[in-house]
Structures are given as structure tokens and as C-alpha cells.
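Take any residue in the sequence shown, count from 1 to its spot, add 569: that is its number in the working numbering.
For every residue, glycine included, the Cβ atom is placed at its ideal position computed from N, Cα and C.
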Amino acid sequence: MSIIKELTKDVKDIVRNAGYEIDTVVLESSNRPDLGQFQINNAMTLARTYHKNPRDIATDIVKELEKDNRFTNLNIAGPGFINITLTNDYLIECLNTLTNNLDNIIDKKDKKKVIIDYGGANVSKALHVGHLRSANIGEALKRLAKTLGYEVLGDAHLGDYGRPLGLVIREIKEMYPDLDYFNENYIGDYNDIDLPITNEDLERIYPIASSNAKENEEYLEEARIITNKLQNKEKGYYELWKKIIEISKEDIKKTYDDINTFFEIWNGESDEAEYINEVTKIFKEKNLLVESEGAKIVEVKKEEDNAPMPPLMFENSNNTYTYATTDLATILDRKKNYNPDEIWYVTDDRQSLHFEQVFRAARLANLVDNNVILEHIPYGTMNGKDGKPFKTRDGGVMSLKELIKLVNTETDKRINNNTISEEERKKISKTVAIAAIKYADLVPYRKTDYIFEIDKFSEIEGKTGPYLLYSTIRMKSLLDRAKDLPKNKITKFKTSTEIDLALQILNLPVVLDKSLELKSLNEITDYLYKLTSLYNKFYSENKILTEEDKELQESWLTLTSIVYSINNLLLDILSIKVPEKM
Ligand code: ARG
């Protein structure tokens, strides 16, 4: 158990010894540090239960607290707020349990298996900033949950199956009508066909096909038929589809790699097709499918609904399965092959209705046990300076690659280090750009929309990724320079900054818990910034390497190594890489 939790438990026992029963004690960080580091507010509630004056209750509790040598400067403020401070000796003892081992500060949870669905990139379309948010939030949540003891698997769940692929193939047919993929009489090996198309071509083809379909009903109908054909694995079309997936997937993997996003499972929507028949059977048997204008729907409305809840479209009137059916099939697949306790879906807020419908339908059909949690984890939009979804200069959708390039141009201006080669400098500036993007994306509370300010987020000063990298590297370099000096023990503090740092360090488990509870990383990005800024204050106040008091010097180096390992732990949770130099 973490120190802070143990302490809370002990304080509860102390309150009981003073003669009062309470459910929980919260050691809140005080906003009046001159009065105490923490505040306990329970006397006010206890006063109501015990029909006593809260100040008298506070006095009883303080009397008990005074017997414990971990506490000092106990005092009562206002109607009965108890202010409490930890002794330096106790803080030092706590910190010393953390040298070389942060496990003592991490509260592991009960084991649980979670699948996180946070990819969703669409084959043959460029990844855009929306996919960036899924990737950043999902990857970090996955790492956080793992750190806290869950078993977690990330699934890419690529969009590789629906109408977009039919459209792309329709357009390829327009461009290269003579390709043997379209030749019904072709008897050769499909691997021998030379497809003159690169991933860049694919990214250009989709928007063309999509706008053609909007203007031309016949074209759209052909694309629909093609979609059907490839879903029925009709030779030619199916083979071409496989080829397209191959080309596109390679590029998608590389882009995810670039943003430090790594899936354990690389399924696509097409892999779920084999579960559709079974899902359909289950829904039929349970009489959940309703005929409606040639389509099949599932009623998911409930008595208590205040907002409209349209039925889930299970099968279109032209016999194609929908995005929702695929998600139902995926739930069945996950249940059969992984049997998870929870499934989390990290997508844009605009998909909330879709997931509500899917979850309700899954429950109606009992696709998973009742105690399995299905949770949509929505996020807000990344906007441009105009407050509208981030666009390119000419108003187009901003691809992820373009965004990375833009930020990289900014970080490139800021990384000047003449001790390294130009090649190395370029590599570092790319790593810093990714850090800038990822950190900025995780700073706002998950559900809020935010404005992406490229220049500000690339600065080395302020609440930015580059600032955190720079500071962390500086800690490392100090520790390297002090490699022959001992750093195993803290024996003393010199100033209040060290005490502030110690308190901040002890608060880490609270932050991790809260972040997982809210499924938002802003708690962690905030904490990292506060801890790092405090450390930098401490760093500028002291000359660590030339300090003559050897005990103080060891204490400082030890403190540095603890902060350094926390920074590494947290940056790793956020999936931000720290370069050696910068
Ligand atoms: N491919 C989808 C999109 O780009 C996102 C998929 C999200 N995951 C899911 N299981 N539906 O909008």
C-alpha cells in the first residue's frame, strides 16, 4: 500500500481512538500551507452525528494525533478544521523507501482483463487528427492500467471493410479498367498482377471516389455492389482488396509507430465478419430483429429514456451489414477469444450514440455476461485557432503526417546543440515534436475541445512536452556527472522546496488513481509539470555538485534520482520517449 493510503488508514484509526467512528478520512492538501500541509475536515460532519461542537471534536482528535510522532504543528482553524503537518524525519523515511524502487508508491488494483479499442484507422485513408487523439489517449490509458496491475490488450480495429473500400476499388476500376482483377475470365495467379498503386495514391483516390459518389448515383450503386462482392470474397475484387490492405496497413503501422502507439491485436473490421452469422443467429433466436422498410433493426429504446434513441440498424435494405453489426460481432469475438472483464472504446464524442446503441443491443442479446463492463471513452475535438476542427491551410482535413511535419518544423528551430551531428539533431527534433504533440493532446481534460497552438506547444518553456524532456534530460545529466557520488539515502532537507517536493512525490499514487478513475490523462500531465517545475526550482536554488556537506549532497542526489525515475515512469505511461540529449 502506498504511504499516503497507509497514512489515511492510520488517521482513521486515530479518530476512532479519539472516540469517533467515520467512514473515510481525506488528507487534503491544504491551501494554507502556513497552517499545515494537510487538512482534515471530518469534525464538521461528526458534529452532526454526535451532536457536539465541532471544535471540541477537533480538540479530541488533535489530542490523539499528538501522540503520534509522525505529525507536527497540529492546530485547529475556524469551526474545526484540523491542520496537520508531517515531520521532516517521517517525510525522509518515506522517501527513502522509494530509492531505486517506485513499486512502494504504486497501489496495484485487483487483477482485471481489459481490451482497449483505440485504433480505428481506416485502410486507404490517411490517419487524421481524430485518430491521433484515440491513439494518444488509448495508448496512455493502456499503460496506466498496466502500471496499476491490470492485464490490458490494445486492439487496432482497423476500418478495412465497409463502403470506403468499395469506393476506392470503384475508382481504381475507373483509372485502370484493364487490370486483371476486374477480368472475370482471369485464370492466372493474382500475385503476378502488378498493381501500379502506392499508399499515397490510395490516400488521393478515396476523396476523389467519395466526391464522385456524391454526384453520381450510378457510381455509388456500383461501389455498393463492389462492397458486397468483396465481402462475399468474390475472387478478383477480394484479391484486389487484400492487396490494398497490404499496401495501406504497412503505412498505418509506420504512422502508429511514429506516435509510439503499439497494438497487441491487429484485427480489422474484416476479421469480425466471421462472427456476423453467429451474432445474427443469436439476435434472431432472441427475436430481437425487426423488419423495417426492408431493413432489419433492433429496438434499443428504454422506458426511462429522455433523449431520442433511434433503433440500431442491423442490416441495410440492400443486405449489407453495418458499422454497428460489426461492433456487435467484435464483442462476440472478444468474448470468445479473450473473455475480458471490460472493453473500452476510445473514440470521438460524436460516436457516443453509436456505442450506446451497440451496448444496449449487446445486453439485450446477452453477448457478454452482465458484469462485463462495456465503456465508451469519448474525447473532445482538437481545434484550430478559429475554434473549428483543425484543418489544413486550404481548409482540408489535417492528416496526422502533416501535423507532425508542422510541429517538427517548429521544434527544429528550437533544438540547437552543436555537440551533435546534424543527423542526430534531426532525429532528436522529431522525437521532441512527437512529445510536444502528445503532451499537448493530453493536457486538457479528455472531454474538452481544445485549441492546438503549434508554436506554443513546441516551446521549451512552459507546460509543454519539450520542457519536460529538457528538464528530465538535465536530471539525467546531473546524475551522470555525479556517477561516482553516493545517492542512496536522504538524511536531511535544507529548504522548504525539498519538503514541497517530498509532498508532491507522496501524492503520486493519488494522481494515478484519479487519472484511471476519470480515464483522463490530464491529472498526470498536470502532476508532471508541477513536480518538474518544483524540481527545477530546487535545482536553481542549490549547487548540488559542489556542495561541501556530503550528507546534504547525497540527500539532494537521491531526491534527484527519485524525481528522475518518476518522470520516466510518467512519460512512459504517456508514451512519450525521452531522447538522450537535446
Ligand atoms: N474506423 C472508425 C472511424 O474512423 C473508428 C472505429 C472505432 N472503434 C470501433 N470499435 N467502432 O471512425
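{"Item": "Rounded to whole angstroms, what's the CA-CA distance from L922 to E803? Just pull it up for me.", "Value": "34 Å"}
{"Item": "Between the Cα of D1018 and the Cα atoms of I1003, V595 and K957, which residue gives the shortest distance?", "Value": "K957"}
{"Item": "Does the structure place the stretch 729–740 close enough to the stretch 1102–1122 that three or more beta carbon pairs sit under 8 Å?", "Value": "no"}
{"Item": "What residue does the beta strand (DSSP E) around G805 start on, and which one ends it?", "Value": "Where G805 is concerned, there is no enclosing beta strand (DSSP E), although the alpha helix (DSSP H) it sits in stretches over K804 to D827."}
{"Item": "Skipping 5 residues on each side, what residues in its chain have a beta carbon closer than 7 Å to that of K1061?", "Value": "E1120, L1121 and S1124"}
{"Item": "Is the Cβ-Cβ distance between Y1104 and L1070 less than 8 Å?", "Value": "yes"}
{"Item": "By how many angstroms is the C-alpha of T716 removed from the C-alpha of I651?", "Value": "34 Å"}
{"Item": "According to DSSP, is N952 helix, strand or coil?", "Value": "strand"}
{"Item": "Between the Cα of E740 and the Cα atoms of I774, F751 and L710, which residue gives the shortest distance?", "Value": "I774"}
{"Item": "Does the beta-carbon distance from L1152 to S817 come in below 8 Å?", "Value": "In this structure the chain extends from 570 to 1151, so residue 1152 is not present and cannot be described."}
{"Item": "Let's see if you can read the secondary structure: which residues bound the alpha helix (DSSP H) around E1092?", "Value": "N1091 to E1110"}
{"Item": "Is any heavy atom in the ligand ARG found nearer than 7 Å to the beta carbon of H945?", "Value": "no"}
{"Item": "Taking all protein chains shown into account, do 16 or more other C-beta atoms lie within 10 angstroms of the C-beta of T916, making it buried, or fewer, making it exposed?", "Value": "buried"}
{"Item": "Quick one: residues in its chain with C-beta nearer than 6 Å to the C-beta of V1132, no 5 flanking neighbours on either side, listed in chain order?", "Value": "Y1104"}
{"Item": "Taking L722 as the reference, which of W913, Y890, V1012 and N935 has the closest Cα?", "Value": "W913"}
{"Item": "Select from L972, E991, D896 and K970 the residue whose C-alpha is nearest the C-alpha of E944.", "Value": "D896"}
{"Item": "For the alpha helix (DSSP H) that D625 lies in, which residues bound it at each end?", "Value": "P623 to L634"}
{"Item": "Going by CA-CA distance only, name the one from P879, L901, I813 and I821 that's closest to T849.", "Value": "L901"}
{"Item": "Could you tell me the boundaries of the alpha helix (DSSP H) in which I777 lies?", "Value": "N768 to E784"}
{"Item": "State yes or no: is the C-beta of N691 nearer than 7 Å to some heavy atom of the ligand ARG?", "Value": "yes"}
{"Item": "At 3 residues or longer, and completely inside the stretch 930–996: list those beta strand (DSSP E) runs for me, N to C.", "Value": "942–948"}
{"Item": "Among Q1073, L1047, I794 and Y890, which has the Cα closest to the Cα of E841?", "Value": "Y890"}
{"Item": "Rank D981, R617, R1015 and I684 by C-alpha distance to the C-alpha of P909 and give the top, closest one.", "Value": "I684"}
{"Item": "Which term fits E753, buried or exposed, when burial requires 16 or more other beta carbons within 10 angstroms of its beta carbon?", "Value": "exposed"}
{"Item": "Classify T1064 as buried or exposed, calling it buried when 16 or more other Cβ atoms lie within 10 Å of its own Cβ.", "Value": "exposed"}
{"Item": "Under a three-way DSSP split, which group does E860 fall into?", "Value": "strand"}
{"Item": "Rounded to the nearest angstrom, how far is the Cβ of I1074 from that of I1006, given a contact under 8 Å?", "Value": "With a Cβ gap of about 28 Å, I1074 and I1006 do not count as contacting."}
{"Item": "Just checking my contact of I653 with V584 at CB under 8 Å: how many whole Å lie between their CB atoms?", "Value": "Incorrect: roughly 12 Å between the Cβ atoms, too far for contact."}
{"Item": "Tell me, which residues are paired with E597 by DSSP?", "Value": "Q608"}
{"Item": "Pairing CB atoms from the stretch 964–982 with CB atoms from the stretch 994–1008, are three or more of them under 8 Å?", "Value": "yes"}
{"Item": "Note the first and the last residue of the continuous beta strand (DSSP E) segment covering F894.", "Value": "What sits at residue 894 in the sequence shown is Thr, not Phe. No beta strand (DSSP E) contains T894, which is instead part of the alpha helix (DSSP H) from Y892 to N906."}
{"Item": "Run through the DSSP bridge pairs and tell me what M882 is partnered with.", "Value": "I866"}
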